[in-house]
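Asker: Be aware that the sequence shown starts at 199, since it is given in my numbering, and climbs by one per residue.
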Amino acid sequence: MTQTIIIAEAGVNHNGEIELAKKLIDVAVDAKVDYVKFQTFRAEKLVSKTAKKAKYQVKNSKNEESQFSMLKKLELDLSAHQLLMDYCKEKSIKFLSTGFDLDSLDLLSDFYIDLFKVPSGEITNLPYLRKIASFNKPVVLSTGMCTMLEVKAAYNVMVDNGVTKEDLTILHCNTEYPTPMIDVNLNAMLTIKKELGVKVGYSDHTIGIEVPIAAVALGAVCIEKHFTLDREMEGPDHRASLEPDELIEMVKSIRNIELALGGSKKVPSKSELKNVSVARKSVCASKGLKKGHVLTEADLIMLRPATGISPMEYKELIGKVLNNSIDANCQFKYSDFV
Numbered sequence: 199m200t201q202t203i204i205i206a207e208a209g210v211n212h213n214g215e216i217e218l219a220k221k222l223i224d225v226a227v228d229a230k231v232d233y234v235k236f237q238t239f240r241a242e243k244l245v246s247k248t249a250k251k252a253k254y255q256v257k258n259s260k261n262e263e264s265q266f267s268m269l270k271k272l273e274l275d276l277s278a279h280q281l282l283m284d285y286c287k288e289k290s291i292k293f294l295s296t297g298f299d300l301d302s303l304d305l306l307s308d309f310y311i312d313l314f315k316v317p318s319g320e321i322t323n324l325p326y327l328r329k330i331a332s333f334n335k336p337v338v339l340s341t342g343m344c345t346m347l348e349v350k351a352a353y354n355v356m357v358d359n360g361v362t363k364e365d366l367t368i369l370h371c372n373t374e375y376p377t378p379m380i381d382v383n384l385n386a387m388l389t390i391k392k393e394l395g396v397k398v399g400y401s402d403h404t405i406g407i408e409v410p411i412a413a414v415a416l417g418a419v420c421i422e423k424h425f426t427l428d429r430e431m432e433g434p435d436h437r438a439s440l441e442p443d444e445l446i447e448m449v450k451s452i453r454n455i456e457l458a459l460g461g462s463k464k465v466p467s468k469s470e471l472k473n474v475s476v477a478r479k480s481v482c483a484s485k486g487l488k489k490g491h492v493l494t495e496a497d498l499i500m501l502r503p504a505t506g507i508s509p510m511e512y513k514e515l516i517g518k519v520l521n522n523s524i525d526a527n528c529q530f531k532y533s534d535f536v
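(1) Would you call the CB atoms of Thr-373 and Ser-318 closer than 8 Å?
(2) Rounded C-beta distance between Leu-303 and Ser-295? I'm assuming under 8 Å.
(3) Helix, strand or coil for Val-419? Go by DSSP, reduced to three states.
(4) When DSSP labels each residue in this structure, what does Asp-381 get in the three-state scheme?
(5) Tell me, to the nearest whole angstrom, how far the beta carbon of Glu-207 is from that of Glu-422; I am working on the premise that it is less than 8 Å.
(6) May I ask which residues mark the beginning and end of the beta strand (DSSP E) holding Tyr-400?
(7) Please work out which residues of its chain come closer than 6 Å, Cβ to Cβ, to Phe-298, disregarding the five sequence neighbours upstream and downstream, and give them in chain order.
(8) CB Val-419 to CB Thr-200, shorter than 8 Å?
(9) Within this structure, are the beta carbons of Ala-352 and Ile-321 separated by less than 8 Å?
(10) Expressed to the nearest angstrom, what Euclidean distance is found between the alpha-carbon atoms of Ser-267 and His-279?
(11) Within the chosen definition, does the region 480 to 488 reach the region 441 to 451 through at least 3 CB pairs nearer than 8 Å?
(12) Under the rule that 16 or more other beta-carbon atoms within 10 Å means buried, what is Met-510, buried or exposed?
(13) Rank Asp-224, Ala-415, Phe-314 by C-alpha distance to the C-alpha of Glu-441 and give the top, closest one.
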């Protein structure tokens, strides 16, 4: 089966520090994820200087500064991108970043990244969607805050501008940090798959690892999850992120679920075949019976092991005449009957 793509979202949890970003890459490597993802933006092209922060950003950042001021401190410039990409190459992990404006998308395109990620906030940004589609690369599209009509509209922009269905993965998502369990609505992922016929996945902002694991069990082919070195650090996303040990556990659990899903046929596994005869039963005599006895249902009892006549055939034995005596609890053989 195809292995789930796991994207460890470092995002802005580097707090604007390259050395902290490298430590996050190290954590992603230890967890054995497929991609470690950052965010590429210029605050001037992302938000107005008077825009307020979201309530969760105020709470998690523990200050009242503007959204612009917060984001300005979290930018990664061209040299930072090159340093982090080189470090990822050294550590044998794939680098990924979400661009939040057209210039940032061009910068990422120049770096020849494997795929492009559309964040939930840009899903109604038509010029942005067209720009990403123009790169002819696989696209992962997050759908937080969306109605199904908005998801379909973004899907149509992608397909109409050259992105094939095979190259598009749509992630169900809830844009609240952290997301309350009651608001996850994980079944919506299946609705997206059914209505659009595309690969689906899940971008998670809940506390813990249960929901992304459940998403894989439901058929997600891509999981995205924020992580941090320490949830108590100051910054907008730390509180809704996994700590290193939790990220490792999530990846292990997802890989176990992939193994557990197996194939689609209902057949005995190799490991359980040896237990068939031990666990199943055969038709046996419920008491000692003499030669010439005509069997009734009361003469039969089903006992382990399954090395004789199957209980599924017990009715065929009723009315048979014994051609030899048989002791209590002994298995019947077809040669016991006239």
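Even for Gly, the Cβ is constructed at its ideal location relative to N, Cα and C. In this text the structure is predicted, and so the values were computed from the model without any measurement.
Answerer: On the basis of the coordinates in this document:
(1) Taking the sequence shown and counting its residues from 1, one reaches residue 373 at position 175. Taking the sequence shown and counting its residues from 1, one reaches residue 318 at position 120. Taking 8 Å as the Cβ cut-off, Thr-373 and Ser-318 qualify as a contacting pair.
(2) Start at 1 with the first residue of the sequence shown, and residue 303 comes out as number 105. Start at 1 with the first residue of the sequence shown, and residue 295 comes out as number 97. Contact flag wrong, Cβ pair sits at about 10 Å.
(3) Position 221 of the sequence shown, counted from the first residue, corresponds to residue 419. The answer is coil: DSSP assigns Val-419 none of H, G, I, E or B.
(4) Within the sequence shown, the letter at position 183 stands for residue 381. Correct three-state label for Asp-381: helix.
(5) What you label residue 207 is simply residue 9 of the sequence shown in a count that begins at 1. What you label residue 422 is simply residue 224 of the sequence shown in a count that begins at 1. About 6 Å; that satisfies the 8 Å criterion.
(6) The residue labelled residue 400 in the question sits at position 202 within the sequence shown. Tyr-400 -> beta strand (DSSP E) spans 397 to 402.
(7) The residue you call residue 298 lines up with position 100 of the sequence shown. These residues qualify, in order along the chain: Phe-239, Leu-244.
(8) Your numbering for residue 419 matches position 221 in the sequence shown. Your numbering for residue 200 matches position 2 in the sequence shown. Closer than 8 Å, so yes.
(9) Here residue 352 is taken as the residue at index 154 of the sequence shown, counted from 1. Here residue 321 is taken as the residue at index 123 of the sequence shown, counted from 1. Taking 8 Å as the Cβ cut-off, Ala-352 and Ile-321 qualify as a contacting pair.
(10) For this step, residue 267 is matched to residue 69 along the sequence shown. For this step, residue 279 is matched to residue 81 along the sequence shown. Near 21 Å, if we compare the C-alpha coordinates of His-279 and Ser-267.
(11) no
(12) Working through the sequence shown from its first residue, we reach residue 510 at position 312. Exposed, since its Cβ has fewer than 16 Cβ neighbours within 10 Å.
(13) Taking the first residue of the sequence shown as 1, we reach residue 441 at position 243. It is Asp-224.
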